[in-house]
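The sequence shown begins at -14 in my numbering and counts up by one.
Backbone N, C-alpha and C define an ideal beta-carbon position, used for all residues, glycine too.
What follows is a single structure, written as structure tokens, with notes after it.
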Amino acid sequence: MLRWIRQQLGFDPPHQSETRTVYVENRFPQHGHYIPQRFADNRIISSKYTVWNFVPKNLFEQFRRIANFYFLIIFLVQLMIDTPTSPVTSGLPLFFVITVTAIKQGYEDWLRHKADNEVNGAPVFVVRSGSLVQTRSKNIRVGDIVRVAKDETFPADLVLLSSDRADGTCHVTTASLDGETNLKTHYSVAETSVCQSVSQMEALQAVVECQQPEADLYRFVGRMTVTQHGEEIVRPLGPENLLLRGARLKNTKEIYGVAVYTGMESKMALNYKCKSQKRSAVEKSMNTFLIIYLGILLFEAVLSTILKYAWQAEEKWDEPFYNQKTEQERNSSPILKFISDFLAFLVLYNFIIPISLYVTVEMQKFLGSFFIGWDLDLYHEESDQKAQVNTSDLNEELGQVEYVFTDKTGTLTENEMQFRECSINGTKYREVNGKLVPEGMTDDSPDGSTPHLIGEELLFLKAVSLCHTVQISYDQPDCLVGGGDPFSHANGFSSNHMEYYASSPDEKALVEAAKRIGVAFTCSSGDTMEIKTFGKSEKYKLLHVLEFDADRRRMSVILQTPSGGKVLFTKGAESAILPFTTSGEIEKTRLHVDEFALKGLRTLVVACRHFSPEEYIDVDRRLNAARTALQQREERLQEAFSYIERDLQLLGATGVEDKLQDKVQETIEALRLAGIKVWVLTGDKHETAVSVSLSCGHFHRTMNILELLQQRSDNECAEQLRRLARRIKEDHVIQHGLVVDGASLSLALREHEKLFMEVCKNCSAVLCCRMAPLQKAKVVRLLKTSPEKPITLAIGDGANDVSMIQEAHVGIGIMGKEGRQAVRNSDYAIARFKFLAKLLLVHGHFYYIRIATLVQYFFYKNVCFITPQFLYQFFCLFSQQTLYDSVYLTLYNICFTSLPILVYSLFEQLVHPHILQNKPGLYRDISKNSMLSFRTFLYWTLLGFCHAFVFFFGSYILMGEDTTLMGNGQILRANRQLMFGNWTFGTLVFTVMVITVTLKLALETQFWTWMNHFVTWGSIAFYFIFSLFYGGIIWPFLHTQDMYFVFVQLLSSGSAWFAIIIIVITCLFPDVVKKVFYRHLQPTSTQKSQMYSNRVAIGDDFIALQPLSRAKSQLGKIRWKRVRVQSAQNMTLLKPSGAQGRTIGTC
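Rendered as structure tokens:
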């Protein structure tokens, strides 16, 4: 128990060594010195709370919020000292906020517990005591042998021991982990692959040594020691031997594996990444305003305390005859009395800090985020994907974006590759009707066929067909089970019976192109790869795969040819292949690669190397030594790969086209008009990237393209940056675009960040090519942390974009073909790049104006609420007498004024969505947090103070000593003001305030729905009905009945109704005049657009479509024969000639 407690507190971690030793089926050594390592159980825990820690943990987290903690302190002060208001006034709103938040978080955690229990309770089969036993997933231990059947998910991270296939391989799909739907082949070591029954597994003696758990899905370093006939055989283990929890078994009947990582130590669980807390600009402004209002509160409390003692300096006010001090009060310390009075005033004015602001903002963000998912304009019908919101905290940040960083492949393009051209041995070829035709020739050769492919051409196609990681799926998936040959029947196979799956669309396009031309990849079984060259079958033995990585930018395979020779085929970026080639048409191929890139094609270079028997023995030894190393395996593998991938013979290059997505050019242009700068960050070579940038409108043909490429030293880079800066300053007219590559960027960011940023900010568009994933994130961070602190947005579709997406203020994932890692790690996810325009220009605009107004309005109505309380102290000798009843104090923010602003913040639209999309420039009106600027904040605050003064002094003047007329006509003398007492005056001020602040929001509302009407007029009606009930009944549980009959008596006075109307008009009339004046004399572009928000463009004409009946006559003035009104949403315009008309869908 003590050890467990120490582990929970973090003092005694369960595993402390760098490696773990796993004994298969937990056959531990028999000698007494062995102490078993302790491992986690197989329970998955995604929940945050338990039954025991929910209350303390949730309360701790909630009171970390400054506002909640502040109100807790106020509540405790009210309990400890004699304060003018009941502790209920602070305690009830605080309890309401805490309870609502706790219920929401508790419900979400209950759903997580429910999901965890389903996973942990799933049935699994394990080998124990020589038999197959069914148990629950949570009971699996490290070292257990687990059996998994076809289409089941793996319950833990397993090292594959055997499968029902003779070669011990299996196919899996990792769609739930990284979104890749292609089949991946995993391998078992030869010594365990023969154990295909429970009895054989029981007899297996093996030990797995591997690294401790880490989150990287694609990294696993280990080795297996198998004891056979008293001899120990050591085999290396890598990612290809590890079956990850959450992956699914495919095309394989069953497998056996040994659990090495379980529960929260599995790679899937370690990737449950807690996203870094991103805070929006609005939230930061809100916190700043809270601090300012806290300062106002402290000032009012200190001033009131000082004035109280200044007033009481006169003896007659210090101890009047009707309020004699006790002996204890006379002898108490003056300092303690001052502190006590200060705290009492603090409690009296504390409602100037709006506690309900936080809960309202949370509800607005949570409910408002549903509108993105519900927007049919963001729904992609072809893929049946709608926009999704992963983080509702950043909705308003979509309206503040200044820089967009976008990936190219799969984001601007479709990521659907089509083979277009290739270069073989210095000659360019293109594909025509499934045939490879040299440049300058056509398919119409005299004999009806193209020249026969021989020599280097054939070797090139074989390299393309063999150098890849493509998998084949068959219509009859069991054709390979047991190692049978599916091609043994006549003519081998029908091409309709198989389909290629690849993690890279480039590889799939190249293999399919080679198949169309005549060199078809037909089978991959274990270590055998089979191709058919114009119908003739050839089998190659796969000896080694040199996997692709971002540093090398190439991948290779080592094969044994049918004749017994050893050959290496490699393909990759031209910068990763050409420097290591020693033969072939290098210069011609380099020119062809540049030509392909200028056409916007994605390029790969293909090369080979033939090994002598002695060379291959050395290569094989180096690879095996590197792969069995437990320490520094990656570094040793890189050294081995560099040794092998040299002295290459160049075979040729390929050009694959990636089509642009629909409406990419229009989207980029709309973002530019909105004042948003677009940067493209891609891993492609610079010619390809520039060509795509020109075709998608990122670069214009008239733009002056500046280049920062192939810089080799700091000094050279600095000099080039200075030249570019001078060139930009000298030419003020032409728009500039900057192209920078990854190597030059590294130099620029190392020593010359300021100079580089100066050049970038003066360019309309920036293109960064040959970028590594971390470099993308560095560029985003560079802009984020610049002195201007602009709001950044990153958008991408692949795993290589995750770091950039997480670094930016707002991260958007594209639901593309490169998996779902970008989507999982993003704040928002959309199906196509074109949806970005509406997401920012419409949803971003709406969210920002809604929450900006919500924040300002909350502070305004609380200033209106508390300032009369402060003014009242001047009329009651600063005795801390409250102006309002405790119930009104409690319910003002919770009931009387909460719903109108919540509904406003969900539905308000300053301008029609179509106008916002058609006029991107309107986005500039809200940029740089303009609606929450200090000037706007000051306006709302001063307006609150002005209205509060009118409430208080208007009520005082109109209902003061001169008021003698009651509703029943009874004349009262001034010294018998039965009606107009303290609570009546406070209730009048409160009534005027509730009506005014509600109508003020109504004046701000541009877009009225039935819900706006319901909550606006309903809130006022609810206040009157509640007050009548509250004051009309003697409530037995209240210790005072101060408000009994006060409200009824007040409303029975005609003077009171007159005062209410006059004061409300006095407050709001200047607002109306100001709005009319500015709207007509100094309208903003947004206000101008509001005048045309009901207009729709037809050709070059603009028709005002107000009522539908008037629209018919206005439309008839154009040269249309007839207007057929189908509905309020659709009109069909028919031309005089009877030609097909046009339907307008936004009338």
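- Contact between the segment 606 to 615 and the segment 623 to 631 is present: 3 or more CB-CB pairs across the two stretches fall below 8 Å.
- Using a 10 angstroms sphere on the CB of GLN1067, the tally of other CB atoms stays under 16, which defines it as exposed.
- Three or more Cβ pairs closer than 8 Å define a contact, and the segment 770 to 785 meets that threshold against the segment 380 to 392.
- In the DSSP assignment, ALA329 falls within the alpha helix (DSSP H) that extends over 319 to 334.
- Note: ILE409 is bridge-paired with THR412, GLY637 in the DSSP secondary-structure output.
- Per DSSP, the unbroken alpha helix (DSSP H) holding ARG612 starts and ends at 598 to 612.
- Taking C-alpha positions only, ALA107 is separated from THR518 by approximately 48 Å.
- Per DSSP, the continuous alpha helix (DSSP H) segment holding TRP1042 begins and ends at 1039 to 1066.
- Taking 8 Å as the cut-off, the Cβ atoms of VAL82 and TYR278 do not count as close.
- Contact between THR247 and ILE125 holds, with the beta-carbon distance rounding to 6 Å and staying under 8 Å.
- Looking at the backbone, the Cα of ARG1064 and that of GLN1072 are separated by about 7 Å.
- Looking at the DSSP output, CYS681 sits in no beta bridge, so it has no partner there.
- Here PRO108 carries a strand assignment [DSSP, helix/strand/coil].
- According to the DSSP secondary-structure assignment, TRP664 is paired through a beta bridge with PHE390, VAL751.
- DSSP places CYS861 outside any alpha helix (DSSP H), giving it a letter other than H or E.
- Bounds of the alpha helix (DSSP H) holding VAL744 are 738 to 746.
- One thing to note: PRO140 has its Cβ within 8 Å of the Cβ of ASN27.
- Close CB contacts of PHE205 within its chain, under the 8 Å cut and outside five residues either way in sequence, are with CYS195, GLN196, LEU222, GLY223, PRO224, ASN226, LEU227 (chain order).
- Of the residues assessed, LYS846 falls on the buried side of the cut-off, its CB having 16 or more other CB atoms within 10 angstroms.
- Annotation: the continuous beta strand (DSSP E) that includes PRO221 extends over 216 to 222.
- If you compare the alpha carbons of ARG220, GLY395, TYR525, SER116 with that of LYS447, the shortest gap goes to TYR525.
- Three or more Cβ pairs closer than 8 Å define a contact, and the segment 563 to 576 falls short of that threshold against the segment 655 to 668.
- For the options THR159, GLN185, GLN90, TRP95, the alpha carbon positioned closest to that of LEU117 is the one of GLN185.
- Cβ contact annotation for ILE337 (same chain, cutoff 7 Å, sequence separation greater than five): TYR278, ILE281, LEU282, ASN847, VAL848, ILE851, in chain order.
- Apart from sequence neighbours up to five positions away, the residues of its chain that approach SER251 with a beta-carbon distance below 7 Å are ALA141, ASP142, ARG230, ordered along the chain.
- Excluding sequence positions up to five before and after SER148, its CB lies within less than 6 Å of the CB of CYS155, THR237, ILE240, all in the same chain and listed in chain order.
- In terms of CA proximity to TYR294, LEU862 leads the group LEU927, LEU862, GLU599.
- For GLN119, the uninterrupted beta strand (DSSP E) segment begins and ends at 116 to 121.
- Boundaries of the alpha helix (DSSP H) harbouring THR972: 967 to 989, taken from the DSSP string.
- Check the Cα spacing between GLY668 and each of HIS453, THR588, ILE690, GLN705: the tightest is with THR588.
- Of all alpha-carbon atoms in ALA498, ASP362, VAL422, the one lying nearest the alpha-carbon of MET402 is that of ALA498.
- Three or more Cβ pairs drawn from the segment 30 to 39 and the segment 87 to 104 lie within less than 8 Å of each other, which places the two stretches in contact.
- Across the structure, PHE922 and GLN617 are spaced so that their CA atoms are roughly 58 Å apart.
- About 7 Å separates the Cβ atoms of TYR486 and VAL455, confirming a contact at the 8 Å cut-off.
- Listed in chain order, the non-local C-beta contacts of SER289 below 6 Å within the same chain comprise PHE330, GLN858, PHE863, local neighbours out to five positions each way being set aside.
- Measuring C-alpha to C-alpha distances from LYS551 to each of LYS573, ASP362, TYR601, ARG575 identifies TYR601 as the nearest.
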